[in-house]
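One rule links them: number in my numbering = place in the sequence shown (from 1) + 65.
Where is the CB? At the ideal position from N, CA and C, for every residue including glycine.
Quick caveat, the model's predicted, so the values are computed rather than measured.
Here is the structure we will look at, set down as structure tokens.
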Amino acid sequence: MKIIILGAGQVGGTLAEHLANEQNDIIVVDTDGSKLRALQDRLDIGTVAGGASHPNTLFKAGAEDADMLIAVTNSDEINMMACQVAHTLFNTPTKISRVRSPNYLAHQEQLFNRDHVPVDVIIGPEQLVTKNIEQLIANPGALQVLDFAEGRVQLVAVRAYHGGPIVGHELQEIRTHMPKVDTRVAAIFRQDRPIIPEGDTVVEVDDEVFFIAARENIRAVMSELRRVDKPYKRVMIAGGGNIGATLAQSIESKYQVKVIEQSYKRCRILSERLRHTIVLNGSASEPQLLAQENIEANDVFCALTNNDESNIMMSMLAKRMGAKKVITLITNPAYAELVGDEIDIAISPQQITIGSLLTHVRKGDISNVHSLRRGAAEAIEVTAHGDPHSSKVVGRRLDEITLPDGVTIGAIVRGEEVLIAHSHVVVETDDHVILFLVDQRKINAVEKLFAVGFGFF
């Protein structure tokens, strides 16, 4: 596909890297020539310097025969205008725009359609990040919680702890422990190295284990790998910006929530918007304030300001002062690599956003893409089409399907039924197949596997 990416920031640059590796024709547009040169030095892509919404810039980028335009500049207005220009002047088939402002998103259905602002897909990073953090709060002990098939199936990452019933034992013993619960371990990362699990694979302490199960069985499976934390009750949020405010609003009916915000003006707005949340004016980097608000009694501390350094320092302070779990928003990938024991979970808005974007860019009928482990791994949900004659997967047992190296099938969703992947399961047309790729670069091979003779390409 020929894809124009508007914006060479962290999201645009990382997206270009993903897509260039998959034999797409990529053109990146930005006003900053140095960012474009840096990208061109390491990637086989085209670049155009200029205003992203300007007709002449889009013409230079080849908008007249582009298959897709992805607008991820830092300006909502430029992103929307670029989609309008691409639609009106170049009839670009698919237009995707990142929109951050809650004011626009509140009127999403009325605003974004072919008759008004012609955007085919809206990506709202704040909403995606909020949902991600919500899932982590709802599943104590999880490092990641990812939804598939509209939430009927979840892929969960946990750290294996000493004392977990299955730790030190072979994976096949899980069925003995839990005969009524079906699950599958999709991948194990041991000291950052991936292991494709077999029945005789032994789980070791500190392994990062990705398992898949029906939503209602997640807690039972987690208990096999670690001591299950009690449900969280108290949540403290540092930062009352879009993400902090949206999260507080979303969870305040289920948890006791406090928001710490430095701007008095913003505190006034938050106190009017939030019904059950306590809003505090101050800085979460002040030990006195944290002590005064009994930080040690809080189950989760979320550092969600727009400053990475502040988030990291506040998180370390909160952890040292007794916060049980710390979730930290980190936009700089270099910082995420440095996070140690004092930060339990680092949330990358870019990685979450890119997963959502890739859902719409991948070839085939793909309804979910989750980018994992800083983009190295991926979990996808793809719908199987065709029949035994035109498809390499439909009508075949799972043990008859030749999967690329490093790819596992975790589950199949058939209507309302969740089938955990076992060798005897046969794939039927319209099944939603959930796969785990320990190496994201295998995506081309997966797309070819699920292509039908007359289908996706």
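query: Along the chain, where does the alpha helix (DSSP H) containing P120 start, and where does it finish?; result: P120 to K125
query: Given H489, which residues of its chain have a CB within under 7 Å of its CB, disregarding the five upstream and five downstream residues?; result: R462
query: List the residues that DSSP assigns as beta-bridge partners of T248.; result: A278
query: Taking Cβ to Cβ, would you say R163 is nearer than 8 Å to A136?; result: yes
query: Using the DSSP secondary-structure output, state which residues sit across from C367 in a beta bridge.; result: I302 and I392
query: Should R291 be labelled buried (16 or more other beta-carbon atoms within 10 Å of its own) or exposed?; result: buried
query: Quickly, what does DSSP pair R479 with across the bridge? List them, please.; result: E482
query: Buried or exposed for N121, going by 16 or more other Cβ atoms inside 10 Å?; result: exposed
query: According to DSSP, is V164 part of a helix, a strand, or is it coil?; result: coil
query: Return the chain-ordered list of same chain residues with a C-beta closer than 8 Å to the C-beta of I68, the five sequence neighbours on each side being excluded.; result: L84, N89, D90, I91, I92, A131, D132, M133, L134, I135 and V426
query: With DSSP collapsed to three states, give me the class of P262.; result: coil
query: Take T494 as the anchor and find which of V478, D373 and A303 has the nearest alpha-carbon.; result: V478
query: Measure the C-alpha to C-alpha separation of K118 and N144 and round it to an integer number of angstroms.; result: A quick correction: the sequence has Ser, not Lys, at residue 118. Their Cα atoms are separated by approximately 7 Å.
query: For the 8 Å Cβ check, are there 3 or more pairs between the region 400-419 and the region 182-190?; result: yes
query: Comparing alpha-carbon positions, which option in S436, D430 and K513 lies nearest Q505?; result: S436
query: If you run the structure through DSSP and keep just helix, strand and coil, what is I316?; result: helix
query: What's the gap between the Cα of G74 and the Cα of A81?; result: 10 Å
query: For T195, name the three-state secondary structure that DSSP assigns.; result: helix
query: Is it true that the CB of A128 sits closer than 8 Å to the CB of A103?; result: no
query: Rounded to whole angstroms, what is the Cα-Cα separation between G229 and D271?; result: 11 Å
query: For the alpha helix (DSSP H) holding L104, just list the boundary residues, first then last.; result: G98 to R107
query: CA-CA distance, I253 and L123?; result: 44 Å
query: Could you tell me the alpha carbon to alpha carbon distance between V483 and E446, rounded to whole angstroms?; result: 13 Å
query: From this set, E289, L176 and I343, which residue's C-alpha is nearest G305's C-alpha?; result: I343
query: With a threshold of 8 Å, are at least 3 pairs of Cβ atoms found where one atom belongs to the region 207-214 and the other to the region 321-339?; result: no
query: Using DSSP with H/G/I as helix, E/B as strand and the rest coil, what is V404?; result: coil
query: In this structure, does DSSP put I419 in helix, strand or coil?; result: helix
query: Under the three-state reduction of DSSP, which class applies to S350: helix, strand or coil?; result: coil
query: Can you give the beta carbon distance from T96 to G116, rounded, assuming they're within the 8 Å contact cut?; result: 6 Å
query: Let me know if G233 comes out buried or exposed under the rule of 16 or more other beta-carbons within 10 Å of its beta-carbon.; result: exposed
query: For the alpha helix (DSSP H) that contains F501, what are its first and last residues?; result: Unbroken run through F501 is the beta strand (DSSP E), H497 to L502; no alpha helix (DSSP H).
query: Just how far apart, CA to CA, sit P259 and D109?; result: 28 Å
query: List the whole-angstrom C-beta distance separating V365 from I392, where the pair is believed to meet the contact cut-off of C-beta under 8 Å.; result: 6 Å
query: Could you please give me the residues that DSSP links to V150 through a beta bridge?; result: Partner(s): none; V150 has no beta bridge.
query: In this structure, how does DSSP classify S488 when only helix, strand and coil are distinguished?; result: coil
query: Use the C-beta contact count for R249: other C-beta atoms within 10 angstroms, 16 or more gives buried, fewer gives exposed.; result: buried
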